[in-house]
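Novice: The following block contains the structure, expressed as structure tokens.
Chains as they are written, first to last, in our numbering: chain A, 1158 to 1271; chain B, 1158 to 1271.
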């Protein structure tokens, strides 16, 4: 369990909401202002800003303010953090099923077949 | 936004908790009984069972009961669902940065260099 990266939990937490999932999907296509990001949602701006705050806290999104416009960007490193964790679990699972298949083959005496 | 798979949200929701993250990590190494899964956690069994229920609802975990022993297994297809979504966002982001790099090169007159 040495690979318990605390950042992974906060990324999954950030992605556990449909609004935040849609915002990440939008930002994957390129940066956008808060106004642009909020437009598709039937939601009060303060509620939307709370979702953005969760995304920023997780590190998935960064933002910069120029004048009165705050622009949000996806930070792909946190996408990688989450994808790497999932890939590791997949590899562990594959290793387990491979060991199981080898064991069953040997038990059935089929292990030496060409 | 055609790739808004509702299953993705429930997988990220299931993984948004450190106990459930640890259970998935344990099950990636192979099936385990509820008793074995619960052992490392300082938590009442009913609370632990609620976490297992969330994992089962998301499809990440399946379980079968033989006699008095319930055995849990990871279903790697839901791991793939989440990894695929993350990989798509990564690809979108790469495509955006590539387009941006091409644009900047052209604007600076460097696009025609060999």
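The C-beta atom is built at its ideal place from N, Cα and C for all residues, glycine as well.
(1) Can you tell me whether DSSP reads residue 1278 of chain B as helix, strand or coil?
(2) Taking DSSP as the reference, what is the three-state secondary structure of residue 1189 of chain A?
(3) Using DSSP's beta-bridge definition, name the partner residues of residue 1228 of chain A.
(4) Under 8 Å between the Cβ atoms of residue 1229 of chain A and residue 1181 of chain A?
(5) Check the Cβ of residue 1198 of chain B against every Cβ in chain A and list those closer than 9 Å, keeping chain order.
(6) Against residue 1166 of chain A, what residues of chain B qualify as contacts under a CB-to-CB distance less than 9 Å, listed in chain order?
(7) If we count the other Cβ atoms within 10 Å of its Cβ and call it buried at 16 or more, is residue 1177 of chain B buried or exposed?
(8) DSSP state of residue 1203 of chain A, grouped into three classes?
(9) Enumerate in chain order the residues of its own chain whose CB-to-CB distance from residue 1184 of chain A is below 7 Å, with the five nearest sequence positions on each side excluded.
(10) Give the range of the alpha helix (DSSP H) segment to which residue 1233 of chain B is assigned.
(11) Tell me whether residue 1195 of chain A sits in a helix, a strand or coil according to DSSP, three-state version.
(12) Report yes or no: is there a C-beta of chain A within less than 8 Å of the C-beta of residue 1246 of chain B?
(13) Comparing alpha-carbon positions, which option in A:1238, A:1245, A:1197 lies nearest residue 1243 of chain B?
(14) Are there 16 or more other CB atoms within 10 angstroms of the CB of residue 1196 of chain B, so buried, or fewer, so exposed?
(15) Counting only beta-carbon separations shorter than 8 Å, does residue 1102 of chain B have a partner in chain A?
(16) Using Cβ-Cβ distances below 8 Å, what residues of the stretch 1220 to 1241 of chain B are close to chain A?
(17) Find the residues of chain A that neighbour residue 1186 of chain B, judging by a C-beta separation of less than 7 Å, and give them in chain order.
(18) Do residue 1204 of chain B and residue 1170 of chain B have their beta-carbon atoms positioned less than 8 Å apart in this structure?
(19) At the level of alpha carbons, what is the spacing between residue 1199 of chain A and residue 1222 of chain A?
(20) Taking C-alpha atoms, which residue in A:1246, A:1212, A:1235 lies nearest to residue 1234 of chain B?
Specialist: For this structure:
(1) Because residue 1278 of chain B is not part of the residues shown, which for chain B are 1158 to 1271, the question remains open.
(2) Shown here, residue 1189 of chain A sits in a strand according to DSSP, grouped into three states.
(3) Its beta-bridge partners are A:1190, A:1221.
(4) no
(5) Taking a Cβ-Cβ threshold of 9 Å, none of the residues of chain A is close to residue 1198 of chain B; the smallest such distance is about 12 Å.
(6) 1172, 1173, 1174, 1175, 1178
(7) buried
(8) helix
(9) For residue 1184 of chain A, the CB contacts under 7 Å within the same chain, skipping 5 residues up- and downstream, are 1218, 1229, 1230, 1231 in chain order.
(10) 1233 to 1264
(11) Residue 1195 of chain A sits in a helix when the DSSP states are folded into three classes.
(12) yes
(13) A:1238
(14) By the neighbour-count rule (16 or more Cβ atoms within 10 Å), residue 1196 of chain B is not buried but exposed.
(15) No information on residue 1102 of chain B is available, as it lies outside the stretch 1158 to 1271 that chain B covers here.
(16) 1231, 1233, 1236, 1237, 1239, 1240
(17) 1249, 1253
(18) For residue 1170 of chain B and residue 1204 of chain B, no; Cβs fall outside 8 Å.
(19) 24 Å
(20) A:1246
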